[in-house]
Amino acid sequence: MSNGTFDAGDVTLEQVREHVWELPATGDMRVPARVFASRALLEEISEDKTLEQLRNTTHLPGITNYAICMPDGHQGYGFPVGGVGALDAETGCISPGAVGYDINCGVRMMKTNLTYDEVAGTEAELVDSLFANVPSGLGGGGIVESDVETVNEILARGVDWALEHGYAVEEDLLHCEDEGTREEADPDKVTQKAKDRGKNQIGSLGSGNHFLEVQRVTNVFDAHVGEAFGLEEDQIVILIHCGSRGLGHQTCTDYLRKIERQHQGLLNQLPDKELAAAPAGSQLETDYYGAMNAAINFAWVNRQLIMHRTRQVFERVFDRSWQNMEMELLYDVAHNIAKKETHDVDGDQRELYVHRKGATRAFPAGHPDVPTAYRDVGQPVIIPGSMGAGSYVLRGGENSMDLTFGSTAHGAGRLMSRTQAKNEYWGGDVRDELEDQRDIYVKAQSGATVAEEAPGVYKDVDEVVRVSDELGIGDKVARTFPVCNIKG
DNA sequence: ATGTGC
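Printed below as a string of structure tokens:
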């Protein structure tokens, strides 16, 4: 098993052990790179730019230990999706491209006490009602129409704002990464243009791979952790996947431009302009971190409002209160973020900007940042698969701090581009096939989006999760299967 | 991902 290699173009990976591959540091690489994947998953990224992009990220100042690619990794803007980069917060930098355009794209899972039998037969009504009540698609129209003053409150306070205005209960905050608020947010660092784009999108799914899906739990693999999470077989749960809409996108664009103007020197040292970064100690480092944290808060409020509206829809369809249906938040995880975290590096406690782009925080049992309710078992990790495959709930594994700066995968990972997907699939056919063959009801604003998100466009989520579980960075707890899905 | 290009 040892000393195997994997050749992909001009990149050759050396196998360290099962599911662990290393690209040794050569030339101007500051550190090696590591890919956590099976050989089957490596095959999926052997012909695109993923590994080249991963190698490029090792050039970022302050990068610590190694640049990381998760089992679901694929090529992205500069930095691979499924990438983790820990950059020294005192001597390194922070990089908008390593966070991603959709700042705090993420997922939350809401539980219910309904069983699949109680929901079977209502799928068509449920999907129509959700589609009619949860705004989706490109452009404006959210659950809350607001002004710039309200946007500023949301940017500063996150889900705490939603609590004050009756869109959340205290328990929701306690079951969200960072309790739904990044205190370091600085709304003044978000441009007026970004706020204008965001003010009519508060509580909206957006487009692309974003969705709201009603699911049934098909397997509980770990009875003890399943009980701690409140998950059991045949239970109905709801998954909400979306981000910070135009506000986050504009924030990324704004800071990439500012960095290009002000830090040309650093930019010229990097192999790819898309890795543009603000050096530690610069004004733009502070400004971007404040703006990014504000956009993170916006995304959490976005998911909170969608959850609130979903509770109302279920109340009408099932004629019971949401409290009676125990529609409680399991957890909310961020997929596209950077955070200042303290990690043990060769025995030293170091402050690092941990960039997780298409990667999930996966803190193990006992970590102080895991909510009290889950402290003994580890942080819930939610991994959405395609709309035909279903999803997983994991818990942070005991090896995550040592191997991946406390991170694991975030999804199945795309196999092909959106353009390619539209050439391969027709939205209406995909929809009909899901309903006729798998009893999954899909309703979308655009047929093109359904084609772009066809199940065949994604890698095998079971394989991604198997690798995470076997590495001990995120352990399997439960699996779900779709009942109905709405999307942009 | 995204007022689906600057």
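Residue 400 in UniProt numbering sits at position 400 of the first sequence, with consecutive numbering throughout.
Backbone N, C-alpha and C fix where the C-beta goes; we use that ideal spot for every residue, glycine too.
query                                                                                                                                                                                               : result
How long is the line joining the alpha carbons of residue 86 and residue 249, rounded to whole angstroms?                                                                                           : 22 Å
Taking 7 Å as the cut-off, decide whether the C-beta atoms of residue 416 and residue 457 are in contact.                                                                                           : yes
Under the rule that 16 or more other beta-carbon atoms within 10 Å means buried, what is residue 354, buried or exposed?                                                                            : buried
Count the other CB atoms within 10 Å of the CB of residue 17; is the residue buried (16 or more) or exposed (fewer)?                                                                                : exposed
Just to confirm, are residue 338 and residue 94 a CB contact at a threshold of 7 Å?                                                                                                                 : yes
Using DSSP bridges, identify the partner residues of residue 356.                                                                                                                                   : 84 and 337
Starting from the C-beta of residue 426, find all residues in its chain whose C-beta is less than 7 Å away, skip the five residues before and the five after it, and write them out in chain order. : 451
Residues in the same chain with beta-carbon distance under 7 Å from residue 177, minus the five sequence neighbours each way, listed in chain order, please.                                        : 332, 333, 334 and 361
Out of 227, 26, 430 and 282, which one is the CA nearest neighbour of residue 386?                                                                                                                  : 430
When DSSP labels each residue in this structure, what does residue 407 get in the three-state scheme?                                                                                               : strand
Excluding the 5 residues preceding and the 5 following residue 25 in the sequence, name in chain order all residues of the same chain whose CB lies nearer than 6 Å to its CB.                      : 31 and 32
Considering only C-alpha positions, which residue in the set 297, 113 and 400 is nearest to residue 184?                                                                                            : 297
Residue 233 and residue 220: beta carbons closer than 7 Å?                                                                                                                                          : yes
In three-state terms, what does DSSP make of residue 300?                                                                                                                                           : helix
Got a sec, what are the start and stop residues for the alpha helix (DSSP H) residue 131 sits in?                                                                                                   : 123 to 133
Quick one: residues in its chain with C-beta nearer than 6 Å to the C-beta of residue 116, no 5 flanking neighbours on either side, listed in chain order?                                          : 216 and 234
Among residues of its own chain, excluding the 5 on either side of residue 50, which ones have a beta-carbon nearer than 6 Å to its beta-carbon?                                                    : 73, 74, 75 and 80
At what residues does the beta strand (DSSP E) containing residue 157 begin and finish?                                                                                                             : Per DSSP, residue 157 belongs to no beta strand (DSSP E); it is in the alpha helix (DSSP H), 148 to 157.
What distance in whole Å lies between the Cβ atoms of residue 41 and residue 71, which are believed to be in contact at a cut-off of 8 Å?                                                           : 5 Å
With DSSP collapsed to three states, give me the class of residue 24.                                                                                                                               : coil
Taking 8 Å as the threshold, find out whether the stretch 289 to 305 comes into contact with the stretch 116 to 130 through three or more Cβ pairs.                                                 : no
Measuring only the C-alpha atoms, how far is residue 223 from residue 310?                                                                                                                          : 28 Å
Excluding the five sequence neighbours on either side, which residues of its own chain have a C-beta within less than 8 Å of the C-beta of residue 188, listed in chain order?                      : 290
Is the number of C-beta pairs between the stretch 310 to 322 and the stretch 191 to 203 that are closer than 8 Å three or more?                                                                     : no
Please return the same chain residues whose Cβ sits closer than 7 Å to the Cβ of residue 421, not counting the five positions on each side in sequence.                                             : 451, 452, 454 and 457
Secondary structure at residue 485, three-state DSSP: helix, strand or coil?                                                                                                                        : strand
Rounded to the nearest angstrom, what separates residue 463 and residue 129 at their Cα positions?                                                                                                  : 34 Å
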